[in-house]
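Residue numbers (the numbering used here): 7 to 377.
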Ligand code: AMP
């Protein structure tokens, strides 16, 4: 029960309206720790409920404080995330949790005109959700005042480092007050993440939760051995024979995603591509078309798809295997949620055999070949 945390009634009401009955394991551990003011080091992937794990106590604390005078309104909490999509998703969740409170959140990311963000910053907010690059631009342009930040959240810290954001993150951190609470969430723990955690966190509580559904449990994995040149034809056949079922298809490159989407369209399959070179508008549209069932297939690169929450998506296709074995888990982490069995199909060419072996080593078992 969420009642045990002594969260503000307005938050409990929003949690109830969101349909959450009981806290997930990460919420169980993180909410009291965050409320107590401790730093946190959490190993958790998307799907574990991590957004509420930091969002609820953060809002509670913001609400419990005396408001700053209107002319001195400055953000008190900062959530850094790797991608625009994740930023939008986290902001939507936080806004939902805070719907019965007066706290104002502000979303900041690149790829769109900075003007509306600058205007919103001038109007003031309590909480910022941002990707590091654009926030740093605003900081350097003196458009944002981070001197009142009391809590910093690094969400999907591993992915932010993968995307080369470490320098921007360090510059942003340098602009924060030294006395503050720090929460670091990461799915994986490389040396670089550990180093960041060591330099950032003070006596953190470590939490390690298994993904709500581990890919090895709920998802049916299959491999097709196929030459690169024949992959698209095989994919069209697989999608066509399963008409109507929605699939998220991964390619390694943006160019590959575009090309594949065009060819699938030519085969009569309604689809869209989502990747870093698409405008924000196009990406948002593709995602909502997919969620609303207007398109059957969403072709995505790893970074574009990271953290996107597509509930109850039973079918993921790896048109190409990822370079990093962990990305395989991230890709299929979105299937088999909420107890529904998912399916992950990988089309593997001869050149990709080594990558397949690395993935199998990580999963701890071979992936069966499709009959
Ligand atoms: P997250 O890991 O924060 O991206 O959350 C993954 C999904 O789980 C989202 O769709 C949330 O709305 C949902 N969720 C989070 N916490 C709970 C909960 N306690 N009960 C049910 N669903 C939840």
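All C-beta atoms, glycine included, are put in the ideal place defined by N, C-alpha and C.
Computed from a predicted structure; not experimentally measured.
List the endpoints of the continuous alpha helix (DSSP H) containing residue i.
{"i": "residue 295", "result": "286 to 297"}
{"i": "residue 332", "result": "331 to 338"}
{"i": "residue 301", "result": "Looking at the DSSP string, residue 301 is not in any alpha helix (DSSP H), and its letter there is neither H nor E."}
{"i": "residue 42", "result": "31 to 42"}
{"i": "residue 21", "result": "15 to 23"}
{"i": "residue 149", "result": "Counting along the chain, residue 149 falls outside any alpha helix (DSSP H), and DSSP gives it neither H nor E."}
{"i": "residue 311", "result": "308 to 311"}
{"i": "residue 358", "result": "That residue, residue 358, is in no alpha helix (DSSP H); it is neither H nor E in DSSP."}
{"i": "residue 376", "result": "From DSSP, residue 376 is part of no alpha helix (DSSP H); its letter is neither H nor E."}
{"i": "residue 164", "result": "163 to 168"}
Compare the Cα-Cα distances from residue i to each of the options and report the closest residue.
{"i": "residue 115", "options": "64, 261 and 126", "result": "126"}
{"i": "residue 71", "options": "109, 91, 51 and 61", "result": "109"}
{"i": "residue 228", "options": "327, 195 and 215", "result": "327"}
{"i": "residue 256", "options": "86, 350 and 166", "result": "350"}
{"i": "residue 137", "options": "198, 371 and 91", "result": "91"}
{"i": "residue 80", "options": "132, 15 and 69", "result": "132"}
{"i": "residue 170", "options": "199, 29, 147 and 359", "result": "199"}
{"i": "residue 124", "options": "26, 144 and 106", "result": "144"}
{"i": "residue 104", "options": "119, 19, 284 and 367", "result": "19"}
{"i": "residue 278", "options": "286, 267, 30 and 357", "result": "267"}
{"i": "residue 107", "options": "68, 95, 135 and 88", "result": "68"}
{"i": "residue 188", "options": "323, 53, 36 and 284", "result": "36"}
{"i": "residue 368", "options": "360, 332, 357 and 358", "result": "332"}
{"i": "residue 128", "options": "149, 357 and 120", "result": "149"}
{"i": "residue 325", "options": "233, 297 and 371", "result": "233"}
{"i": "residue 358", "options": "321, 284, 258 and 86", "result": "258"}
{"i": "residue 64", "options": "120, 27, 9 and 158", "result": "158"}
{"i": "residue 147", "options": "10, 121 and 9", "result": "121"}
{"i": "residue 211", "options": "27, 42, 297 and 311", "result": "42"}
{"i": "residue 154", "options": "180, 163 and 299", "result": "180"}
{"i": "residue 167", "options": "201, 300, 22 and 283", "result": "201"}
{"i": "residue 289", "options": "311, 56, 11 and 175", "result": "311"}
{"i": "residue 11", "options": "261, 60 and 51", "result": "60"}
{"i": "residue 53", "options": "85, 162, 22 and 17", "result": "162"}
{"i": "residue 243", "options": "22, 323, 27 and 185", "result": "323"}
{"i": "residue 284", "options": "338, 271, 260 and 186", "result": "260"}
{"i": "residue 51", "options": "338, 185 and 370", "result": "338"}
{"i": "residue 17", "options": "298, 62 and 183", "result": "62"}
Tell me whether the beta-carbon of residue i lies closer than 8 Å to the beta-carbon of residue j.
{"i": "residue 206", "j": "residue 353", "result": "no"}
{"i": "residue 334", "j": "residue 309", "result": "no"}
{"i": "residue 377", "j": "residue 230", "result": "no"}
{"i": "residue 191", "j": "residue 160", "result": "yes"}
{"i": "residue 45", "j": "residue 209", "result": "yes"}
{"i": "residue 156", "j": "residue 83", "result": "yes"}
{"i": "residue 113", "j": "residue 93", "result": "yes"}
{"i": "residue 225", "j": "residue 348", "result": "yes"}
{"i": "residue 280", "j": "residue 245", "result": "no"}
{"i": "residue 203", "j": "residue 362", "result": "no"}
{"i": "residue 134", "j": "residue 100", "result": "no"}
{"i": "residue 95", "j": "residue 58", "result": "no"}
{"i": "residue 304", "j": "residue 254", "result": "yes"}
{"i": "residue 286", "j": "residue 139", "result": "no"}
{"i": "residue 193", "j": "residue 329", "result": "no"}
{"i": "residue 213", "j": "residue 49", "result": "yes"}
{"i": "residue 142", "j": "residue 177", "result": "yes"}
{"i": "residue 302", "j": "residue 239", "result": "no"}
{"i": "residue 165", "j": "residue 88", "result": "yes"}
{"i": "residue 8", "j": "residue 29", "result": "yes"}
{"i": "residue 235", "j": "residue 307", "result": "no"}
{"i": "residue 86", "j": "residue 175", "result": "yes"}
Would you kindly report the start and end of the unbroken beta strand (DSSP E) that includes residue i?
{"i": "residue 48", "result": "46 to 49"}
{"i": "residue 235", "result": "That residue, residue 235, is in no beta strand (DSSP E); it is neither H nor E in DSSP."}
{"i": "residue 352", "result": "348 to 354"}
{"i": "residue 144", "result": "Element bounds for residue 144: not the beta strand (DSSP E) but the alpha helix (DSSP H), 138 to 146."}
{"i": "residue 323", "result": "321 to 324"}
{"i": "residue 278", "result": "277 to 280"}
{"i": "residue 155", "result": "Where residue 155 is concerned, there is no enclosing beta strand (DSSP E), given that its DSSP letter is neither H nor E."}
{"i": "residue 214", "result": "211 to 214"}
Given 7 Å as the limit, tell me if residue i has its C-beta closer than that to any heavy atom belonging to the ligand GDP.
{"i": "residue 51", "result": "For the structure depicted, the ligand GDP is absent and the ligand set comprises only the ligand AMP."}
Under a CB-based cut-off of 8 Å, is residue i close to chain D?
{"i": "residue 213", "result": "Given the protein chain composition of this structure (a single chain), no chain D is represented."}
Entirely enclosed alpha helix (DSSP H) segments - the segment 170 to 196, minimum 4 residues | 172 to 180
Would you mind listing the alpha helix (DSSP H) stretches within the segment 67 to 133 that are 4+ residues and don't spill past its ends, in chain order?
-> 90 to 103 and 121 to 129
For the segment 248 to 272, which segments carrying the beta strand (DSSP E) assignment without a break, of at least 3 residues, lie completely within its bounds, in sequence order?
-> 253 to 256
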